[in-house]
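For reference, the structure is listed below as structure tokens.
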Amino acid sequence: MRYFRAVLARIAGVFDGHRADDDLRDELRAHLDMATAENVRRGMRPDEARRQAVLASGGITQAVEAVHDRRGLPWVEGVIADVSYALRTLRRAPAFTAVVVITLALGIGANTAMFTLLRGTLLRPLPNRDGERLVYLRQSAPGAQERNVLFSVPEIADYRGASKTLAAIAEYSSAVPFTIVDSDGRSARLRVGVVSGNYFDVMGLEPVLGRLITRGDDGPSAAPQAVLAYQFWNEHFGGDPNIVGRTVRLNDKVATVVGVVQPAPHYPSRTDVFVNIVTSPHHLSATMVTGRAHRMSELFARLAPNSTVEQARVELGGIASAMFQDHPESYEKAAHYALTIAPLRQALNERAALMFWLLMGAAAFVLLIACANVSNLTLMRGVGREREMLVRAALGAGTARLRRLLLVENLALALIGGAIGVLVAFAGLKLMAAFAAQLSPRASEIRVDGVVLAVGLATSVAVAVALSFIPRIGGQRGLALPLAPTGGGRRTTLGRGRQRFQQSLVIAQVAACAVLLTGAGLLVRTLGKLQSVETGVRADHVLTVDLPLQGDLMREVMKQPENLAKYELIRDRVAALPGVDIAALGVAAPLRSSMFEADIKAEGRAVPPNRATPHAAVRMVDPKYFAAAGIPVLGGRGFETTDRRGTALVVVLSQAFAKQLFGDADPIGRRVAMTGDVLRFSPFSGDWRTVVGVAGDTRDHGLDNDATLTMYEPFAQDLIVNGALVVRTSSDPTVLQPAILRAIADAFPRQLIEHVATVEQIRDETVAPRRLNALFIALFGTLAFLIAMVGIAGVLAFSVSSRRAEIGIRMSLGADAARVRRMVLGEGGVLLAAGLVVGLTGALFATRLLRGMLFGITPHDPATLGAVALVLAAVGVAACWLPAARAARVDPAVALRAD
Amino acid sequence: MADKMDVKQGTLALMILKTLDVLGPLHGYGIARRIEETSKNRITLNYGTLYPALLKLEQEGFIKAEWGQSENNRRAKFYALSAAGRKQLAREAREWHQTADLIAAFLAPQKEAL
Numbered sequence: 000m001r002y003f004r005a006v007l008a009r010i011a012g013v014f015d016g017h018r019a020d021d022d023l024r025d026e027l028r029a030h031l032d033m034a035t036a037e038n039v040r041r042g043m044r045p046d047e048a049r050r051q052a053v054l055a056s057g058g059i060t061q062a063v064e065a066v067h068d069r070r071g072l073p074w075v076e077g078v079i080a081d082v083s084y085a086l087r088t089l090r091r092a093p094a095f096t097a098v099v100v101i102t103l104a105l106g107i108g109a110n111t112a113m114f115t116l117l118r119g120t121l122l123r124p125l126p127n128r129d130g131e132r133l134v135y136l137r138q139s140a141p142g143a144q145e146r147n148v149l150f151s152v153p154e155i156a157d158y159r160g161a162s163k164t165l166a167a168i169a170e171y172s173s174a175v176p177f178t179i180v181d182s183d184g185r186s187a188r189l190r191v192g193v194v195s196g197n198y199f200d201v202m203g204l205e206p207v208l209g210r211l212i213t214r215g216d217d218g219p220s221a222a223p224q225a226v227l228a229y230q231f232w233n234e235h236f237g238g239d240p241n242i243v244g245r246t247v248r249l250n251d252k253v254a255t256v257v258g259v260v261q262p263a264p265h266y267p268s269r270t271d272v273f274v275n276i277v278t279s280p281h282h283l284s285a286t287m288v289t290g291r292a293h294r295m296s297e298l299f300a301r302l303a304p305n306s307t308v309e310q311a312r313v314e315l316g317g318i319a320s321a322m323f324q325d326h327p328e329s330y331e332k333a334a335h336y337a338l339t340i341a342p343l344r345q346a347l348n349e350r351a352a353l354m355f356w357l358l359m360g361a362a363a364f365v366l367l368i369a370c371a372n373v374s375n376l377t378l379m380r381g382v383g384r385e386r387e388m389l390v391r392a393a394l395g396a397g398t399a400r401l402r403r404l405l406l407v408e409n410l411a412l413a414l415i416g417g418a419i420g421v422l423v424a425f426a427g428l429k430l431m432a433a434f435a436a437q438l439s440p441r442a443s444e445i446r447v448d449g450v451v452l453a454v455g456l457a458t459s460v461a462v463a464v465a466l467s468f469i470p471r472i473g474g475q476r477g478l479a480l481p482l483a484p485t486g487g488g489r490r491t492t493l494g495r496g497r498q499r500f501q502q503s504l505v506i507a508q509v510a511a512c513a514v515l516l517t518g519a520g521l522l523v524r525t526l527g528k529l530q531s532v533e534t535g536v537r538a539d540h541v542l543t544v545d546l547p548l549q550g551d552l553m554r555e556v557m558k559q560p561e562n563l564a565k566y567e568l569i570r571d572r573v574a575a576l577p578g579v580d581i582a583a584l585g586v587a588a589p590l591r592s593s594m595f596e597a598d599i600k601a602e603g604r605a606v607p608p609n610r611a612t613p614h615a616a617v618r619m620v621d622p623k624y625f626a627a628a629g630i631p632v633l634g635g636r637g638f639e640t641t642d643r644r645g646t647a648l649v650v651v652l653s654q655a656f657a658k659q660l661f662g663d664a665d666p667i668g669r670r671v672a673m674t675g676d677v678l679r680f681s682p683f684s685g686d687w688r689t690v691v692g693v694a695g696d697t698r699d700h701g702l703d704n705d706a707t708l709t710m711y712e713p714f715a716q717d718l719i720v721n722g723a724l725v726v727r728t729s730s731d732p733t734v735l736q737p738a739i740l741r742a743i744a745d746a747f748p749r750q751l752i753e754h755v756a757t758v759e760q761i762r763d764e765t766v767a768p769r770r771l772n773a774l775f776i777a778l779f780g781t782l783a784f785l786i787a788m789v790g791i792a793g794v795l796a797f798s799v800s801s802r803r804a805e806i807g808i809r810m811s812l813g814a815d816a817a818r819v820r821r822m823v824l825g826e827g828g829v830l831l832a833a834g835l836v837v838g839l840t841g842a843l844f845a846t847r848l849l850r851g852m853l854f855g856i857t858p859h860d861p862a863t864l865g866a867v868a869l870v871l872a873a874v875g876v877a878a879c880w881l882p883a884a885r886a887a888r889v890d891p892a893v894a895l896r897a898d
Numbered sequence: 000m001a002d003k004m005d006v007k008q009g010t011l012a013l014m015i016l017k018t019l020d021v022l023g024p025l026h027g028y029g030i031a032r033r034i035e036e037t038s039k040n041r042i043t044l045n046y047g048t049l050y051p052a053l054l055k056l057e058q059e060g061f062i063k064a065e066w067g068q069s070e071n072n073r074r075a076k077f078y079a080l081s082a083a084g085r086k087q088l089a090r091e092a093r094e095w096h097q098t099a100d101l102i103a104a105f106l107a108p109q110k111e112a113l
């Protein structure tokens, strides 16, 4: 209590120090007067009395100091004094302060932003209970170019029966399209996940409202139940707290909403509504339940206690190989079926991880360059302040105190820079989340939280500490030592050690900059290469509209005549609009997935045993589709209006697919047919169809992929699973868009209209994530570039101004302006060249990380490396030019008289 | 002149408290004079010793300070014992006596042992 009270009094003392000081002086003066008066009373002469009293006092000033130390908290007062001193000093050097603060703000801001990104998507634990124990299973067939073939009911049963390392396996299937019909009769397409009863338990998710689907909801006799995803609940139902118990119409089923699930990342695709299996009749059909090749489900599992992912991988690998051997008819050898198992957290960020770490690395580089630059600036400023430091040391400031002063100054700089940087990162949060959403399902979890702020603060403090100690590297003297006279003149240059250190900093900056620019250059060149790739579709002036079937697809598909009539009516109405050149129908818009793929066999041609059965996208298109999409018919004919149901079955093959099936032989007139297990589960027939034409190749799976192998069928001849309108217009298609959509709505008011986009936009969608990647890396590269150039120019300018006398002497001895300029340029050029050599060598290694992100170029692309070297050299020389020109303008007479 | 003695912090505080207890409110000069006289001038208090000690006691709440008029009409700061100070004085005096007794008892038997 007593101690506490004293501390409070001392803290108060910090603040009213001035008043208390005056008070004390009065008190001491009174004491002195009384002592003097006493001495006089004892018979001393007044002046002697005064002298004795002062002698006995032990010194007024010392007493004030002693009380002073007792009154406040000397250490705190010292720091406050340092801070206010630091702020004053910085205010007196606004240019220096601004440059340093901005540089640090950029560096710290970039790092905070990237860390926020990294933390939200990669580092933060999953919101799922014990999320670290979750694994994601995937079956692939690399031999048939299939990255994910999903799992069938018999396969799932096999894994469930044999696995001991997995505690439970849950199913999730988004393979069936769903529409929701709202109470007002309007419908919308929905992303529905059909899940097994144990799904939510395995995933470790909790309801925020009502309950989740449980084991009791499995099986054919359960009632249809729906659980809303958190986001969908908010978007579609406005977060209605009374949603539980309401019914929703999903396709032809009426399902009861039993609850809302907590927010969690959706994988492998975004989900609006989770339903139990009975809600999707297709999932309970006989072929689905017994067909080993009828694969519709994604699998998630929870590791058994004490099991590791590694053990599960070994065990499941064994189960899978046994399965492949026992059922050769379902696992074609040449397709190389394989099972992979990965921690869910890793699977979620499969595409994001490398990119995000690279960006973090790039940001760290920017910060390093920024620090190098700032410490260069501080070094140079330090020379000018050496006198100030000497004076302070002479007046009794200890080395520790001086060092503290520097640290406080740097802290002020770094914290201001850091604060601005964090604000910038905060402002860019939305943009960043949008960027991350292209790569990671966890983008919605990106936010600035305490950890992010703490890291931002820690970075700032670390930067300040580094800045306070780096300048001592290469400095051979302590702070107090230079008291020794240096000829009485003002020192204006750095010692040799520090000069060398400063030069290494510049070299490091240029090198780091070269690495970043090379990375950015490679990504930008990749974009350029992609832009020049032909999609095979003429992109200009083509609008596409998706017009899906509604309701239970399996039943809708059987209504072929009605569907055909409907789509043809829509097409003809749109074709009649003014400004429309061609209106055509297809199962899907050009460059979008055809929704259906099949194994295809060619009559009379056996597949070599080591090759997988040819596999192609099956695309139903009407006669004008090729013209509307600008896909050339290279041989034979396209489709005619006479290619309808009941006439001879015909197909057109894409060029690459024709070549795969028939080699160099002429495919026209040959016959092909769909084949394989899939025919048993789908309503399509394996009848022989005659090839009547060959069409140009298209790239439906992105510009960086090979041409999509395609078999075209007449839209009017086979089943219709979906409809899309392809409209070629004579002018800007977006102008005609409203008229087109109105025509469709007039014809069929209830028809769903989705994915209205020009072909250009579809093409762009596939490049968008890459463009953002390139943009971010290029942004960092440019930042680094700017900072490094300011750095090199600054160092040279300083070198010139501190060598004015030397330059003056040289000039008076006969060196002309050109020679002086060359000397300074040479000095900068050496640094630049050294930095470039180091940087480009480093880039050769660093860019290997980018290999997977490049297209059409190697990581060692000579053009990129050359361009980076050229740009850096050119701008670097330009940056050196200013100080060099200034050096050349030195007037020897003035320079020599200056000091 | 008698031997000069150093004053220890705790001792000085006790002396100040006792002085104020005996003489009532007093200014710094009076306190110093009283202590010097009581010690028969074996102690001299310079300002740098006395005033920090006064401030410490004030911060701890044992004494209160107030400006007033001295006997010969001089403005001076007067220190007075607070209730807490009175208790503290009693406690410290008791402790001091105990310590003194202990030390005395400790030193005494050694003579007997001879």
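These protein sequences, in sequence, are chains A and B.
Under numbering that gives the first Met the number 0, think of the first position of the first sequence as 0, with each following residue one higher.
Under numbering that gives the first Met the number 0, think of the first position of the second sequence as 0, with each following residue one higher.
Think of the CB as a built atom: it goes at the ideal place given N, C-alpha and C, for glycine as much as any other residue.
Computed from a prediction, not measured in an experiment: that's the story for all the values here.
- Query: Checking contacts by CB at 7 Å: is proline 24 of chain B closer than that to chain A?
  - Reply: For the purposes of this step, residue 24 of chain B is taken as the residue at position 25 of the second sequence. No, no contact with chain A.
- Looking at proline 768 of chain A and glutamine 437 of chain A, is the spacing between their C-beta atoms short of 7 Å? In the first sequence, residue 437 of chain A corresponds to position 438, counting from 1. In the first sequence, residue 768 of chain A corresponds to position 769, counting from 1. In this structure, proline 768 of chain A lies closer than 7 Å to glutamine 437 of chain A by Cβ.
- Go ahead and label valine 390 of chain A buried or exposed: buried means 16 or more other beta carbons lie within 10 angstroms of its beta carbon, across all protein chains shown. The residue given as residue 390 of chain A occupies position 391 in the first sequence. Exposed is the call here.
- Message: Beta carbons nearer than 9 Å to chain A: which residues of the region 68-101 of chain B have them?
- Response: Ser69, Asn71, Arg73, Arg74, Ala75, Lys76, Ala83, Gln87
- Message: Taking CB distances under 7 Å as the criterion, tell me whether asparagine 45 of chain B reaches chain A.
- Response: Taking the first residue of the second sequence as 1, we reach residue 45 of chain B at position 46. Yes, asparagine 45 of chain B counts as interfacial toward chain A.
- Item | Pairwise C-alpha distance: alanine 341 of chain A and glutamate 314 of chain A | Taking the first residue of the first sequence as 1, we reach residue 314 of chain A at position 315. Taking the first residue of the first sequence as 1, we reach residue 341 of chain A at position 342. Glutamate 314 of chain A and alanine 341 of chain A: Cα-Cα distance of roughly 14 Å.
- Relative to the C-alpha of threonine 709 of chain A, which residue among A:Val523, A:Val893, A:Leu405, A:Lys658 is closest? In the first sequence, the residue the question calls residue 709 of chain A occupies position 710. When each option's Cα is compared against that of threonine 709 of chain A, the closest is A:Lys658.
- Message: Quick check on proline 264 of chain A: does DSSP put it in helix, strand or coil?
- Response: In the first sequence, the residue the question calls residue 264 of chain A occupies position 265. Coil.
- Message: Can you tell me whether valine 867 of chain A is buried or exposed? The criterion is at least 16 other CB atoms within 10 Å of its CB, across all chains shown.
- Response: In the first sequence, counting from the first residue as 1, residue 867 of chain A sits at position 868. Buried is the call here.
- Item | Residue burial classification, phenylalanine 784 of chain A (beta-carbon count within 10 angstroms, cutoff 16) | As a position in the first sequence, residue 784 of chain A is number 785, starting the count at 1. The residue is buried, with at least 16 neighbouring Cβ atoms inside 10 Å.
- Query: Can you tell me whether glycine 420 of chain A is buried or exposed, with buried defined as 16 or more other CB within 10 angstroms of its CB?
  - Reply: Start at 1 with the first residue of the first sequence, and residue 420 of chain A comes out as number 421. Counting Cβ neighbours within 10 Å, glycine 420 of chain A comes out buried, since at least 16 surround it.
- Could you tell me whether any Cβ in chain A is nearer than 7 Å to the Cβ of leucine 11 of chain B? Counting from one through the second sequence, the residue named residue 11 of chain B turns up at place 12. No, no contact with chain A.
- Task: Note down, in chain order, every chain A residue with its Cβ under 8 Å from the Cβ of leucine 54 of chain B.
- Result: Mapped onto the second sequence, residue 54 of chain B falls at position 55. By Cβ distance, chain A contributes Val66, Arg69, Arg70.
- As assigned by DSSP and simplified to three states, the class of valine 66 of chain A: Translated into the one-based positions of the first sequence, residue 66 of chain A becomes position 67. It is helical.
- Buried or exposed: which applies to glutamine 345 of chain A, given that a residue is buried once 16 or more other Cβ atoms fall within 10 Å of its Cβ? In the first sequence, counting from the first residue as 1, residue 345 of chain A sits at position 346. Glutamine 345 of chain A is exposed by the Cβ-count criterion.
- Beta-bridge pairing of valine 226 of chain A - partner residues as DSSP gives them: Looking up residue 226 of chain A in the first sequence gives position 227. Beta-bridge pairing links valine 226 of chain A to A:Gly258, A:Phe273.
- Query: CA-CA distance, alanine 411 of chain A and arginine 90 of chain A?
  - Reply: Position 412 of the first sequence, counting from 1, holds the residue named residue 411 of chain A. Position 91 of the first sequence, counting from 1, holds the residue named residue 90 of chain A. Each residue's alpha carbon lies about 12 Å from the other.
- Query: Comparing alpha-carbon positions, which option in A:Leu54, A:Leu516, A:Ala109 lies nearest phenylalanine 355 of chain A?
  - Reply: As a first step, residue 355 of chain A is located in the first sequence; it is residue number 356 there, counting from the start. Comparing Cα positions, the closest option is A:Ala109.
- Item | Strand pairing of alanine 694 of chain A, partner residues [DSSP] | Stepping through the first sequence from its first residue, residue 694 of chain A is reached at position 695. Answer by DSSP bridge pairing, in chain order: A:Val632, A:Ser653.
- Among A:Ala647, A:Asn250, A:Gln230, which has the Cα closest to the Cα of arginine 188 of chain A? Your numbering for residue 188 of chain A matches position 189 in the first sequence. With distances taken between Cα atoms, arginine 188 of chain A lies closest to A:Asn250.
- Query: Is the beta carbon of valine 758 of chain A less than 7 Å from the beta carbon of valine 532 of chain A?
  - Reply: If you number the first sequence from 1, residue 758 of chain A lands on position 759. If you number the first sequence from 1, residue 532 of chain A lands on position 533. Going by C-beta atoms, valine 758 of chain A is not nearer than 7 Å to valine 532 of chain A.
- Any chain B beta carbon closer than 7 Å to leucine 122 of chain A: Position 123 of the first sequence holds residue 122 of chain A. With 7 Å as the cut-off, leucine 122 of chain A does not count as an interface residue toward chain B.
- Bridge-paired residues (DSSP) for glutamate 387 of chain A: On the first sequence, residue 387 of chain A is found 388 positions in, with the first residue counted as 1. Bridge partners of glutamate 387 of chain A: none, in fact.
- What residue from A:Gly58, A:Glu826, A:Ser172 has the CA that sits closest to valine 193 of chain A's CA? Mapped onto the first sequence, residue 193 of chain A falls at position 194. Minimum Cα distance to valine 193 of chain A is reached at A:Ser172.
- Query: Hey, is glutamate 115 of chain B's beta-carbon within less than 7 Å of any beta-carbon in chain A?
  - Reply: This structure leaves residue 115 of chain B out entirely; chain B is present only between 0 and 113.
- Item | Short Cβ contact (7 Å threshold) for leucine 552 of chain A with proline 176 of chain A | For the purposes of this step, residue 552 of chain A is identified with residue 553 of the first sequence, where counting begins at 1. For the purposes of this step, residue 176 of chain A is identified with residue 177 of the first sequence, where counting begins at 1. Their beta carbons are under 7 Å apart, which means leucine 552 of chain A touches proline 176 of chain A by this criterion.
- Task: Could you pull out every residue in the same chain whose Cβ sits closer than 7 Å to the Cβ of asparagine 952 of chain A, ignoring the five residues on either side in sequence?
- Result: This structure does not reach residue 952 of chain A, given that chain A is present from 0 up to 898, and the question cannot be answered.
- Query: Are the C-beta atoms of glutamate 65 of chain B and some chain A residue less than 7 Å apart?
  - Reply: In the second sequence, residue 65 of chain B corresponds to position 66, counting from 1. It does not; no Cβ of chain A falls within 7 Å.
- Task: Check arginine 41 of chain B in the structure and name its three-state DSSP category.
- Result: Reading the second sequence from its first residue, position 42 is the one you call residue 41 of chain B. Coil, per DSSP.
- Proximal residues to leucine 125 of chain A (C-beta, below 6 Å), its chain only, five neighbours per side dropped: One-based indexing of the first sequence puts residue 125 of chain A at position 126. Result list for leucine 125 of chain A: Arg344, in chain order.
- Assign proline 223 of chain A to buried or exposed, taking buried as 16 or more other Cβ atoms, counted over all protein chains shown, within 10 Å of its Cβ. The residue you call residue 223 of chain A lines up with position 224 of the first sequence. The residue is buried, with at least 16 neighbouring Cβ atoms inside 10 Å.
- Quick one: grab the DSSP three-state call for valine 837 of chain A. Residue mapping note: residue 837 of chain A aligns to position 838 of the first sequence, counting from 1. Three-state result, valine 837 of chain A: helix.
- Whole-angstrom distance between serine 439 of chain A and leucine 347 of chain A, CA atom to CA atom: Counted from its first residue, the first sequence places residue 347 of chain A at position 348. Counted from its first residue, the first sequence places residue 439 of chain A at position 440. In a straight line, the C-alpha of leucine 347 of chain A is about 7 Å away from that of serine 439 of chain A.
- Message: Could you tell me which whole alpha helix (DSSP H) segments of length 4 or greater appear in the region 777-848 of chain A?
- Response: 803-811, 816-845
- Where the beta strand (DSSP E) through arginine 727 of chain A begins and ends: As a first step, residue 727 of chain A is located in the first sequence; it is residue number 728 there, counting from the start. First-last of the beta strand (DSSP E) with arginine 727 of chain A: 723-728.
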